[in-house]
Amino acid sequence: MSAEPGRKTLTEKTPTEENDTWTGGGESRRRYGWFEAPAAPPATMRLRFDPRATPAGLLRQICRASLRWVGVGATLTAVGKLASTFIPVAIGAVVDRVFAPALDGAPAEQVWGALAIMLAVFAGLYVIMISTLRFGGRIGWYGVQRAQHELSQQVISRTLAVGNGGRLPGEVLSRVTADVSRACRVLFVMVYPPGEAVALLTTTVILWFLHPALGITVLVGAPVMLALLNLMSKALERRSAAELAALGEVAGSASDTLEGMRTLRGLHAERAAAERYGAVSRKTLRTTLAARSTEARFDGVVSGVSALFAALVVAVAAVLGLRGEVSVGALATVAGLSVSVIGPLGTIVDALVSFWASARGAAGRILDLSAGGDPDRPDTAGTAAGAGDAISSRVDTLAARLAASGTGFCVVKAGTAGPEAAGALVRGLQGQPGVLAAPRAPQMLAGSVAENVRAVGQRDVDHAEATGALRAACLEPAELSGGYDHDTGEFGSALSGGQRQRVALARALAARPPTLVLVEPTTSVDAATEQQIAVRVARHRAGLATVVVTDSAAFEAVADETVELGS
């Protein structure tokens, strides 16, 4: 059935609608603004994360990397704040040039002309203020989001390389998400306070020209107020750090409880686990409420002190007005500026104190995670004296050889160096470009076996590739009641230990990285299956580089090279 003339069918689009859509990831999506996230992540990262930095140093790294966006945002915001500062000046001009002449009997043409001019000034100031503040804030927010993305990616890579120090997954997740987000919000210090400082300086200059006593009041009172409020920020920084630590603890407890739920049910220990989580959750609630209360009291003091400061400026102007030293219009301007000065003072204090304090606490927790090792116990990940340099040398040599050839099947044996040395070697290789180190503990996702294998991240894996990887891992469809569509169950509970390990191995094979590192990939299978896996994995990885950390003779038999760390 054809559509009526002049009417549009549901599948047709107007030219405007066509221009407002874009295609990303194989589907059409609608754009709603100029600052929408791109379809693909940035190709290069401007932020260079240094895990050896201090918390303040990390915040400076974030600010330098985002200067391109926050600089533009700060400039536009400053223009907007400058326009808003001149609105009270325009109000005073209306009083002196429109109302006062009208009351004195000035000609109507003069009054109406002055009024028209002032209305045009008001409209121009308003348009400038709204547009610059809107776009300045959005560009600055884009810089914050990009910094969050780049920092989180590098913190994740660093954590995978050095380990998480025995922390629970939930705590690690909290540091990579909540702490990174809070640390990157230090960029608000660069976006908004410069504009507020410009507004405050402009206000001071205007008040000085109206009467020097007004300018002196601002010049003396503002620094004193900022210094007093800065002393109060120490408690806020401590509370913020304690809140983030408690949030990480409760997230770790939740993930630990969920991961062990099957065991807890078998032991009938659900009540004890619930009580343990409840205790941690209540502690976190108390810590969060304490942090919010401290922040609320601080904000209240800022608002109160700013209001008192504004009242002081108005009182000085009122005294000058009664003496006849300033005009009625000037008094109206001072009243407007004194009220508008509350915003800049509050924002400067809040940004420089509140945001900086919470960002410093978050940065410290990020650096603590990136340092690796458990802060509550001595570092046992290292080897004997001098062994760390030897392992680092082995990593460099092995990485250089794999990068030069791009192929090869290498077996690494811990030998007399022990498992700690092998772990150090794996962490060192993880930091090399193009290297994927498969997790030793198999992690199952909700869904079928095939879906678990296809979940490799950046690369799209089709059904045929997933099937080939599963066969290379010696997991045949006949072993599963539903074939490769067999559901894995809760945390892989529908699979045996050997099946879970082979699914994880198949997932690593399906990713097809240039260099794949496997750590004891066959500990849960029998000897005959292990031998078949070794042969098939070597065949499947032909033309690519593979490193297997194991003492298995089956893998050693198919290896092109064997490296013993203890030799």
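Note that the UniProt record's numbering has the sequence shown beginning at 1, numbered continuously upward. Yeah, the Cβ is synthetic: ideal placement off N, Cα and C, and Gly gets one too.
For T529, the closest C-alpha among the options P101, D551, R502 is that of R502. Taking C-beta atoms under 8 Å as the contact rule, Y484 and A450 qualify, at a distance of about 4 Å.
Taken through DSSP and simplified to helix, strand or coil, A363 comes out as helix. As DSSP reads the structure, C410 sits in a beta bridge with V547, E561.
Remark: three or more beta-carbon pairs, one from each stretch, lie closer than 8 Å, so the stretch 134-145 and the stretch 57-69 are flagged as touching. Distance between T523 and F298, taken at the CA atoms: about 57 Å. Inclusion of I87 and E196 in the CB contact set at 7 Å is not warranted, their separation being larger than that value.
Judged by pairs of C-beta atoms under 8 Å, the stretch 437-444 does not touch the stretch 466-486, as fewer than three such pairs exist.
When the beta-carbon positions are compared, V180 and S152 come within less than 7 Å of each other.
A direct Cα-to-Cα measurement between T203 and F188 gives close to 22 Å.
Collapsing the DSSP output to three states places S338 in a helix. With contacts defined as CB atoms closer than 7 Å, A74 and V191 qualify as a contacting pair.
By the Cβ test, the stretch 329-338 is in contact with the stretch 306-315, since at least three Cβ pairs between them sit closer than 8 Å. Taking all protein chains shown into account, Q110 has fewer than 16 neighbouring C-beta atoms within 10 Å of its C-beta and is therefore exposed. V456: not part of any alpha helix (DSSP H); DSSP gives it neither H nor E. When secondary structure is reduced to three states using DSSP, T54 falls in the coil class, being assigned neither helix nor strand. Residue nearest to V95 within the set V79, A108, P107, A114 is A114 (criterion: CA-CA distance). Restricted to the stretch 443-513, the alpha helix (DSSP H) segments that are unbroken, complete and at least 4 residues in length are 449-454, 463-472, 497-511, listed in chain order.
Rounded to whole angstroms, the gap between the alpha carbons of H486 and A446 is 11 Å. Taking all protein chains shown into account, L367 has 16 or more neighbouring C-beta atoms within 10 Å of its C-beta and is therefore buried. The beta carbon of A473 lies closer than 8 Å to those of R502, V503, L505, A506, L509, I533, R536, V537 in the same chain, with the five residues before and after it left out. One alpha carbon belongs to P194, the other to S157, and they sit about 34 Å apart. Under the three-state reduction of DSSP output, V517 falls in the strand class.
T85 and A213 have their C-alpha atoms roughly 19 Å apart.
Secondary structure at L436: strand, using DSSP grouped into helix, strand and coil. Per DSSP, the unbroken alpha helix (DSSP H) holding H540 starts and ends at 527-540. T407 sits away from G278, with the two beta carbons spaced by 7 Å or more. For A78, the three-state secondary structure derived from DSSP is helix. In chain order, S448 place their CB closer than 8 Å to the CB of G482, counting only its own chain and leaving out the 5 sequence neighbours on each side.
In this structure, the alpha-carbon of P514 lies about 23 Å from that of E564.
Taking L58 as the centre and dropping the five residues before and after it, the same chain places the C-beta of F49, D50, A183, A363, I366, L367 closer than 8 Å to its C-beta, in chain order.
Each of F209, A222, R286, H268 was checked against the Cα of A307, and the nearest Cα belongs to A222. Shown here for D462: not one same chain residue has a beta carbon closer than 6 Å to its own, the five before and five after excluded. Classified as buried, F309 has 16 or more neighbouring CB atoms from the shown chains inside 10 Å of its CB.
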